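> Sequence lines, in order, name chains D and Z. 625 is the number of the first residue of the first sequence in my numbering; add one for each residue after it. -2 is the number of the first residue of the second sequence in my numbering; add one for each residue after it.
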Amino acid sequence: MSAPPRRVSSPRRRPKRALEIWLIALLVALVATVQIRSQAEVERSLVGTDTTTLAFLIDDLHRANDALSAEAADLAQRKAALQTGGSSAADQELSAEANRLRAIEGLVPVHGPGIVVIVDASGLQALDLQDAINNLAAAGAEAIAVNDHRVAMGVAVVQTPNGVSIDGALVLPPWTISVIGDTNRLAEAADLMTQQMHSDRRVRQATYRVEADVVITSIITQRPFVYANP
Amino acid sequence: MARNRLLGILVVAAVALATGFLVAGQVRAQLLTPSNQVARYQALVRSVQDLEKANASSRAKIASLRSDIDGLEGAAAQQSATTRALQNEVADLRAHSGLTTIHGPGVLVDLRNGTPGPDVNGQIGYLINYQDMQDVVNLLFASGGEGVSVGGRRITPLSSFSGSAGQIVIDQGPPLTAPVRVLAVGDRNRMFAALEDPSALPDLRDREVRFQISLAVTGVPDVKLPAYDSSLQIPHVSTP
Chain D
625 MSAPPRRVSS PRRRPKRALE IWLIALLVAL VATVQIRSQA EVERSLVGTD TTTLAFLIDD
685 LHRANDALSA EAADLAQRKA ALQTGGSSAA DQELSAEANR LRAIEGLVPV HGPGIVVIVD
745 ASGLQALDLQ DAINNLAAAG AEAIAVNDHR VAMGVAVVQT PNGVSIDGAL VLPPWTISVI
805 GDTNRLAEAA DLMTQQMHSD RRVRQATYRV EADVVITSII TQRPFVYANP
Chain Z
-2 MARNRLLGIL VVAAVALATG FLVAGQVRAQ LLTPSNQVAR YQALVRSVQD LEKANASSRA
58 KIASLRSDID GLEGAAAQQS ATTRALQNEV ADLRAHSGLT TIHGPGVLVD LRNGTPGPDV
118 NGQIGYLINY QDMQDVVNLL FASGGEGVSV GGRRITPLSS FSGSAGQIVI DQGPPLTAPV
178 RVLAVGDRNR MFAALEDPSA LPDLRDREVR FQISLAVTGV PDVKLPAYDS SLQIPHVSTP
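1. Let me confirm a value: D:Leu681 is counted as buried when at least 16 other C-beta atoms fall within 10 Å, else exposed. Which label applies?
2. Less than 9 Å separating the beta-carbons of Z:Pro154 and Z:Gly95?
3. With DSSP as the reference, label D:Val732 as helix, strand or coil.
4. Return the CA-CA distance between D:Pro854 and Z:Thr97, expressed in angstroms with no decimal places.
5. Taking the alpha-carbon of D:Ala769 as reference, which of D:Leu678, D:Val788, D:Met817, D:Ile757 has the nearest alpha-carbon?
6. I need the straight-line Cα distance from Z:Pro195 to Z:Arg202, nearest angstrom please.
7. Give me the Cβ distance between Z:Leu229 and D:Ile728, rounded to the nearest whole Å; I'm assuming they're in contact under 8 Å.
8. Is it true that the CB of D:Ser842 sits closer than 9 Å to the CB of D:Asp772?
9. So, is the C-beta of Z:Ile125 closer than 9 Å to a C-beta in chain D?
10. On a CA-only basis, which of Z:Ser44, Z:Asp47, Z:Arg63, Z:Glu143 is nearest Z:His93? Give me that one, please.
11. With 9 Å set as the bound, which would you pick, yes or no: does the beta-carbon of D:His686 sit closer than that to a beta-carbon of chain Z?
12. Can you give the Cα-Cα distance for D:Met846 and D:Thr708, rounded to whole angstroms?
13. D:His773 by DSSP, collapsed to three states: which one?
14. Could you say if the segment 809 to 820 of chain D and the segment 771 to 785 of chain D meet the contact criterion of at least three C-beta pairs nearer than 8 Å?
15. What does a CB cutoff of less than 8 Å around D:Arg726 pick up in its chain, not counting 5 residues either side in sequence?
16. Determine the burial state of Z:Val84: buried for a count of at least 16 other Cβ atoms within 10 Å of its Cβ, exposed for fewer.
17. Could you give the distance in angstroms between the alpha-carbon of D:Arg668 and the alpha-carbon of Z:Ser44?
18. If you measure from the beta carbon of D:Pro628 to each beta carbon in chain Z, is any gap under 9 Å?
19. Check whether chain D comes within 9 Å of Z:Pro113, counting only Cβ atoms and requiring the distance to be less than that.
20. Considering Cα atoms alone, identify which of Z:Val106, Z:Gly101, Z:Leu14 is closest to Z:Ala191.
21. Give me the residue from Z:Pro115, Z:Thr79, Z:Pro172, Z:Val35 with the minimum Cα distance to Z:Met130.
22. Report the residues of the segment 163 to 190 of chain Z with a CB closer than 8 Å to any CB of chain D, ordered along the chain.
23. In terms of residues, what are the limits of the beta strand (DSSP E) holding Z:Ser211?
24. So which residues on chain Z does D:Asp806 lean against when the C-beta distance must stay under 7 Å?
25. What are the boundary residues of the beta strand (DSSP E) that D:Val781 is part of?
26. Taking 9 Å as the CB-CB cut-off, is Z:Ser159 touching chain D?
27. When we look at the beta-carbon of Z:Asp113 and count the other beta-carbons within 10 Å, is it buried (16 or more) or exposed?
28. By the DSSP assignment, the beta strand (DSSP E) with D:Ser789 in it spans what residues?
29. Buried or exposed: which applies to D:Trp646, given that a residue is buried once 16 or more other Cβ atoms fall within 10 Å of its Cβ?
30. Compare the C-alpha of D:Ala852 against each of Z:Ala181, Z:Val206, Z:Glu193, Z:Leu198 and name the closest.
31. Please determine, among D:Val827, D:Gly736, D:Ala776, D:Leu699, the residue with the shortest C-alpha to C-alpha distance to Z:Pro237.
32. Measuring only the C-alpha atoms, how far is Z:Asp132 from D:Gln754?
33. Going by C-alpha to C-alpha distance, which of D:Ala714, D:Leu654, D:Ile648 sits closest to Z:Thr79?
34. Tell me whether D:Gln846 sits in a helix, a strand or coil according to DSSP, three-state version.
35. Among residues of its own chain, excluding the 5 on either side of Z:Ala60, which ones have a beta-carbon nearer than 6 Å to its beta-carbon?
36. Going by DSSP, which residues form a beta bridge with D:Leu654?
Here it is in structure tokens:
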């Protein structure tokens, strides 16, 4: 009896099989790469950010999202009032909105709880005042005035040869910065700001006080748009 | 015979695919969870991502509600002259506070990070930061800008800038990182000249030289600015 012949792959089949193996290997590599890179892509924007920064970011985002939710709830309420109330409701909503926007844009006097910061210094520049105003705005300031000159984003705070000017008017030190907003957040920001100022040799005095009712009587004169179209 | 062969290939492919997923999962797990510290870091990153998603969703909802309200006010204005007059007044106030889109001649300012180098005064000099953005926006408004947006976020009278290292947080939005495009509508020539003035933006100019930070300005005949899509509440302010 002779032994059965051994199956030997024919030389013509070998390249085909090799191709199949290569294709499978390529597929495996592709899947693995896509899987790893897709995850890396999602996290790329935050990788390298230290945990302290992430924690602050989370805190800021929580606060921001709370504010956005409050705004959305307010808008939903206004929408419901407009849907059911007809034109008298519209008049009421529009009047309230006009008053609110005038206050936001600094077109009317305002008052409310807040803080008063006093900075006496020589040699401070417009950039220093811009920083202080931005710090207070970031702490939730809803209205700001410096030496009885109303300030909002868009009002020019510039350096002139004679000193700092706000909307064209010279503002000489000491600067009295009146701010309306959440007193806790504003006081926290003012505390940090005045502490930093104390280490600045140009600053003679930097203090703040919390007040139950800060009154801001100065207003901004609105300039009509010349270039912008709706 | 051929059918069996095809089946065999399919089985091998399926096994290979499953192996691929397993290998990838394993590699990822080993890369990312060697310690509790990394796991904690991952949890923080996930929290930020979730909060950013919620943030985007809330802003989209606010934009949609404002559009609905605008439509309802428009319908009411059709029925009453008083309402129409009020609506016109509010439309103007909304435009000035950034609540509506505007367009017109203006400039594009592109800011890009530079090349890493030794820090200056503890600051990471090669990264565009929130103070750079604040300086550019202030300069634009002081030079005839009537409306400005930063990275697609419209600036309002109450806007503020914050952040750390290369992150730029504007109002209630998620952090932006360079490259950032600033758009401004207004007196194009004045804004362009102010941005090109070598004595303006001294800190940025200095870092342009030290770290190759890039600030490119282009005049454009028609720039469109988006509407503000976040909160504009002033709960502590009263009018007399």
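Yeah, the Cβ is synthetic: ideal placement off N, Cα and C, and Gly gets one too. Here the structure is a predicted model, which means the values were calculated and not measured.
The answer reads as follows:
1. By the 10 Å Cβ count, D:Leu681 comes out buried.
2. In this structure, Z:Gly95 lies closer than 9 Å to Z:Pro154 by Cβ.
3. The DSSP-derived three-state label of D:Val732 is coil.
4. Here the alpha carbons of Z:Thr97 and D:Pro854 stand approximately 7 Å from one another.
5. With distances taken between Cα atoms, D:Ala769 lies closest to D:Ile757.
6. For Z:Pro195 and Z:Arg202, the distance between alpha carbons rounds to 7 Å.
7. So it is a contact: roughly 6 Å between Cβ atoms.
8. The Cβ-Cβ distance between D:Asp772 and D:Ser842 falls below 9 Å.
9. At least 9 Å separates the CB of Z:Ile125 from every CB of chain D.
10. Of the candidates Z:Ser44, Z:Asp47, Z:Arg63, Z:Glu143, the one whose C-alpha sits nearest the C-alpha of Z:His93 is Z:Glu143.
11. Yes, D:His686 counts as interfacial toward chain Z.
12. It is Gln, not Met, that sits at residue 846 of chain D in the sequence shown. Each residue's CA atom was taken as its position, placing D:Gln846 and D:Thr708 some 34 Å apart.
13. Three-state DSSP puts D:His773 in a strand.
14. The segment 809 to 820 of chain D is not in contact with the segment 771 to 785 of chain D.
15. For D:Arg726, the CB contacts under 8 Å within the same chain, skipping 5 residues up- and downstream, are Val732 in chain order.
16. Correcting the residue type first, residue 84 of chain Z is Gln in the shown sequence and not Val. Z:Gln84 is buried by the Cβ-count criterion.
17. Since pLDDT at D:Arg668 reaches only 48, below the 50 mark, its modelled position is unreliable, and no value is offered.
18. Bear in mind that a pLDDT of 49 at D:Pro628, under 50, signals an unreliable position, so the number given afterwards is only what the model happens to contain. D:Pro628 does not count as touching chain Z.
19. Chain D, which has no Cβ nearer than 9 Å to the Cβ of Z:Pro113, makes this no.
20. In terms of CA proximity to Z:Ala191, Z:Val106 leads the group Z:Val106, Z:Gly101, Z:Leu14.
21. Looking at the Cα atoms, Z:Pro172 is the closest of the given residues.
22. Within the segment 163 to 190 of chain Z, Gln164, Val166, Asp168, Gln169, Gly170, Pro171, Pro172, Thr174, Val182, Gly183, Asp184, Arg185 place their CB atoms closer than 8 Å to a CB of chain D, listed in sequence order.
23. It spans 211 to 222 - the beta strand (DSSP E) in which Z:Ser211 sits, taken as one unbroken run.
24. Result: His233.
25. Start and end: 781 to 784.
26. The C-beta of Z:Ser159 comes closer than 9 Å to at least one C-beta of chain D.
27. Just to set this straight, residue 113 of chain Z is Pro in the shown sequence, not Asp. In this structure Z:Pro113 is exposed. Its beta-carbon is surrounded by fewer than 16 other beta-carbon atoms within 10 angstroms.
28. Counting along the chain, the beta strand (DSSP E) containing D:Ser789 begins and ends at 787 to 790.
29. The residue in question, D:Trp646, is exposed, as its Cβ has fewer than 16 Cβ neighbours within 10 Å.
30. For D:Ala852, the closest C-alpha among the options Z:Ala181, Z:Val206, Z:Glu193, Z:Leu198 is that of Z:Ala181.
31. Minimum Cα distance to Z:Pro237 is reached at D:Gly736.
32. Using only the alpha carbons, I get a separation of about 8 Å.
33. In terms of Cα proximity to Z:Thr79, the closest of D:Ala714, D:Leu654, D:Ile648 is D:Ala714.
34. In the structure shown, the three-state DSSP call for D:Gln846 is coil.
35. Cβ within range, chain order: Asp226.
36. For D:Leu654, which the question treats as bridged, DSSP gives no partner whatsoever.
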